[in-house]
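Same order as they appear, the protein sequences are chains A and B.
The first sequence runs 5 to 381 under our numbering.
The second sequence runs 708 to 830 under our numbering.
Backbone N, C-alpha and C fix where the C-beta goes; we use that ideal spot for every residue, glycine too.
Each remark here refers to the structure printed beneath this line.
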Amino acid sequence: MSAQTPLFETHVALGAKIVDFGGWDMPLSYGSQLEEHHAVRQAAGVFDVSHMLNLDIAGDRAQDFLRHLLANDVAKIAGHPGKALYSCMLRPDGGVIDDLITYFFAPDRWRMVVNAGTADKDTRWIREQAVAYGVTVTPRRDLAMLAVQGPKARETVWAVHPEWKPATQDLKPFTGALVDENTLVARTGYTGEDGFEIVLPAVAVKAFWDALLAAGVHPCGLGARDTLRLEAGMNLYGNDMDETVHPLESGLAWTVSLKDAERHFIGREALESAPASRELVGLKLLERGIMRGHMKVRTAQGEGQVTSGTMAPTIGVSIGLARVPVGSTPGDGAEIEIRGKWVPAQIVRPPFVRNGKVLVSAPGNPASGAPTLHTGH
Amino acid sequence: MSIPNDRKYTTSHEWVKADGDCFLVGITDDAQDQLGDLVFVGDVQIGAKVAAGDNAAVVESVKAASDIYAPVAGEILAFNEALNDQPGLINEAAYDHWIFKIRADNPADVDGLLDAAAYEAQA
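What follows is the structure, given as structure tokens:
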């Protein structure tokens, strides 16, 4: 039996195609996935991400606890209310249990937002580790969460909720503000565009969703969310990393803080004793066809595997992420096995698209960013 | 959408329409709706001899790839090149845009496929 967000009936009424995602019945798209993608790049789209779990972390030793639990160092955000930090949570052997965002509210009050498919195992793991620190871990299924993304996202949110504007108009990227006790507005997202992610009481989410749609925001499903995040060069847990790989082999070295030699976070020893033999790179296909996860990749250094691949709607070419032997350089050639044929590709540095701009040109296609694909419908 | 009566259908959601002494093959509107926005149509091997049920083309939506099968035994004669640049044509009008052309070894094989009413009933 799948779980459903407070907006499930709303999605169905909008004609959404519903799919299972991490044990949740979620909208894949409401019609054309490509139109949803372009809406976010060009204007504004809204995603129901209420399947993700908010966890309140409370206690006098919360900061010590989080510095032990997470590979990134929450000391970077301590003392800055609303500031967010992206981090991996590792097993002792360095495998990635989940990637998540942590917010600082007060020295004894923090918030974590974790993935839906890993929420139960995360909660168990975090609680086990929390015992020694006397920290409480409270899942907040009373909250819902929307991501409003795109160049017009913020202004539309303010048009719908003008009372939020004073507290949120000067927010820097990766910072949030509690506009009331249970409503967090954060300048974060998973699309490569500006926008907000808003956590609010589940009872209030339907009215907010309806108001956003009435204001012209395009409802967007998980399909567009996946093509947008991949164009933005962002990892998806379960595809690009999981418990069998460590963050240094997943393009996430920038999220692992080794600076404080005294900070013995879980997984540190494993990372320091086993140098990465593989790395996650971006790929752009040089001919027609579409890369998909699990396809084989050949580079000058050896064989690897595509972890995520798609047609990039903004670029009009197939892009992907792949785990390959270390030593490749952006610009190097590679080959992808697509249905028995080795198709040439190039190693590129993600992101592929940022704030509506194409950073990786399509072959034989000037980097104008103009979608060459027909959107249908 | 009503299912055209001027052609035959397979249980795997291809349509087959006579074109002179050959046949055009596409996918049904129901199939395109299930697949979602198409972003690639191709892998048609012109000149290939195929048996009924063999892979004859590939269509890919943003999310996944699907094989298109030869409805009858024969030789693949052509690919609809317009789909190279505009795979979404199939989303717009699935019955107006064929994917490949086939010369049937035995044209009577096509008579054994589903008519519109039978396809609708099984879909």
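Contact set for residue i: own chain, Cβ-Cβ below 6 Å, skip 5 residues either direction
i      : result
B:G760 : Y776
A:I81  : K87, L89, F108
A:A151 : F51, V53, G193, E201
B:A780 : A758, A759, D812
A:D336 : I351
A:V357 : G196, E235, T318
A:Q37  : G227, A228
A:S261 : N76, D77
Integer-rounded CB distance, given that residue j should sit under 8 Å from residue i
i      : j      : result
A:S332 : A:V362 : Not quite, the Cβ-Cβ distance comes to about 22 Å (not below 8 Å), so this is no contact.
A:A48  : A:A215 : The pair is not a contact, with the Cβ atoms about 13 Å apart (cut-off 8 Å).
A:A257 : A:T303 : That pair is no contact at about 19 Å.
A:E247 : A:G99  : 4 Å
A:G297 : A:G308 : With a Cβ gap of about 12 Å, A:G297 and A:G308 do not count as contacting.
A:G199 : A:P354 : Not quite, the Cβ-Cβ distance comes to about 19 Å (not below 8 Å), so this is no contact.
A:V141 : A:L59  : 6 Å
A:T106 : A:L70  : 6 Å
Identity of the residue in the options nearest residue i by Cα
i      : options                        : result
B:V744 : A:A257, A:A47, A:S33, A:V207   : Reading off the sequence shown, one finds Asp at residue 744 of chain B, where the question assumed Val. Ranking A:A257, A:A47, A:S33, A:V207 by Cα distance to B:D744 puts A:S33 first.
A:I130 : A:G26, A:F356, A:M116          : A:M116
A:H268 : A:E13, A:H72, A:V23            : A:H72
A:A17  : A:K288, A:G35, A:M238, A:G313  : A:G35
B:L820 : B:L796, B:N791, B:Q793, B:P778 : B:P778
B:A771 : A:G293, A:L256, A:N359         : A:G293
A:I61  : A:L217, A:A48, A:W114, A:R353  : A:W114
A:E291 : B:K756, B:E782, B:A738, B:D792 : B:D792
A:D103 : A:D112, A:D97, A:A110, A:C92   : A:C92
A:D184 : A:R191, A:V203, A:A120         : A:V203
B:D726 : B:A823, B:P711, B:K808         : B:K808
A:A326 : A:G320, A:A274, A:I319, A:L240 : A:L240
A:V221 : A:W162, A:A316, A:V321, A:G271 : A:W162
B:W805 : B:D822, B:V748, B:Y826         : B:V748
A:I270 : A:M30, A:I101, A:R144          : A:I101
A:A278 : A:P96, A:T160, A:H42, A:V23    : A:P96
B:E799 : B:K715, B:K756, B:T735, B:T718 : B:T735
B:P814 : B:V751, B:I753, B:D728, B:D774 : B:D728
A:W346 : A:P166, A:E253, A:M295, A:P143 : A:M295
A:N311 : A:K169, A:G255, A:Q153         : It should be pointed out that residue 311 of chain A corresponds to Thr in this sequence rather than to Asn. Answer by Cα proximity: A:G255.
A:Q133 : A:D68, A:E159, A:Q46           : A:D68
B:Q741 : A:K263, A:I22, A:N359          : A:I22
Span separating the alpha-carbon of residue i from that of residue j
i      : j      : result
A:M2   : A:V328 : No information on residue 2 of chain A is available, as it lies outside the stretch 5 to 381 that chain A covers here.
A:I196 : A:V139 : Per the sequence shown, the amino acid found at residue 196 of chain A is Gly instead of Ile. For A:G196 and A:V139, the distance between alpha carbons rounds to 34 Å.
A:L94  : B:H720 : 46 Å
A:S365 : A:I323 : 11 Å
B:F730 : B:V723 : 6 Å
A:A374 : A:V44  : At A:A374 the pLDDT is 36, less than 50, meaning the model places this residue with poor confidence; the figure from the coordinates comes in the next sentence. For A:A374 and A:V44, the distance between alpha carbons rounds to 14 Å.
B:A763 : A:R229 : 32 Å
A:F178 : A:P155 : 16 Å
B:D713 : B:Y802 : 10 Å
A:A371 : A:G26  : Residue confidence for A:A371 is low, a pLDDT of 40 falling below 50, so the modelled location carries little weight; the figure read from the coordinates is stated next. Approximately 36 Å, taken between the alpha carbons.
A:P111 : A:A79  : 10 Å
A:T14  : A:C224 : 13 Å
B:F786 : B:Q739 : 18 Å
A:E276 : A:D64  : 30 Å
A:G242 : A:L226 : 15 Å
A:A20  : A:Q305 : 44 Å
B:E782 : B:A755 : 6 Å
A:Q153 : B:T718 : 41 Å
A:T376 : A:T231 : Interpretation of A:T376 is limited by its pLDDT of 34, a score under 50 that renders its predicted location unreliable; the figure taken from the coordinates is listed afterwards. Going from the Cα of A:T376 to the Cα of A:T231 covers about 16 Å.
Contact set for residue i: own chain, Cβ-Cβ below 8 Å, skip 5 residues either direction
i      : result
B:V769 : G743, D744, V746
A:L11  : D52, S54, A148, V209, K210, W213
A:E40  : S33, Y34, G49, H222, P223, C224, G225, G227, A228
A:S281 : E253, P329, V330
A:G380 : The predicted model places A:G380 with a pLDDT of 35, which falls under 50 and marks its position as unreliable, so this point remains unresolved.
B:L796 : A789, L790, D803, H804
Cβ-based neighbour list, residue i, same chain, cut-off 7 Å, excluding 5 preceding and 5 following
i      : result
A:D146 : P205, A206
A:A123 : L57
A:E341 : M299, K300
A:A181 : G86, A171, T172, L175, V189
A:A218 : none
B:A824 : none
A:T259 : A75, N76, Y90, S91, C92, P251
A:S6   : D24, G27, W28, D29
A:K288 : V321, I323, A349, Q350, V352, V364
CB contact check: residue i to chain C, cutoff 8 Å
i      : result
A:T231 : Here chain C cannot be found, since the structure's protein chains are A and B.
For this session: Give, in chain order, every unbroken run of the alpha helix (DSSP H) that is at least 4 residues long and sits entirely within the stretch 295-326 of chain A.
Result: none
Problem set entry | Continuous alpha helix (DSSP H) assignments of at least 4 residues falling wholly in the stretch 169-194 of chain A | 169-172
Problem set entry | Contiguous alpha helix (DSSP H) assignments of at least 4 residues, all confined to the stretch 104-161 of chain A | 123-134
Exercise. In chain order, which continuous runs of the beta strand (DSSP E) of length 3 or greater are located wholly inside the stretch 21-64 of chain A?
Worked result: 21-25, 28-33, 49-52, 57-62
Exercise. Unbroken alpha helix (DSSP H) runs of length 4 or more, entirely within the stretch 215-260 of chain A: which are they?
Worked result: 226-235
For this session: Would you mind listing the beta strand (DSSP E) stretches within the stretch 726-803 of chain B that are 3+ residues and don't spill past its ends, in chain order?
Result: 729-734, 745-749, 762-768, 772-776, 781-786
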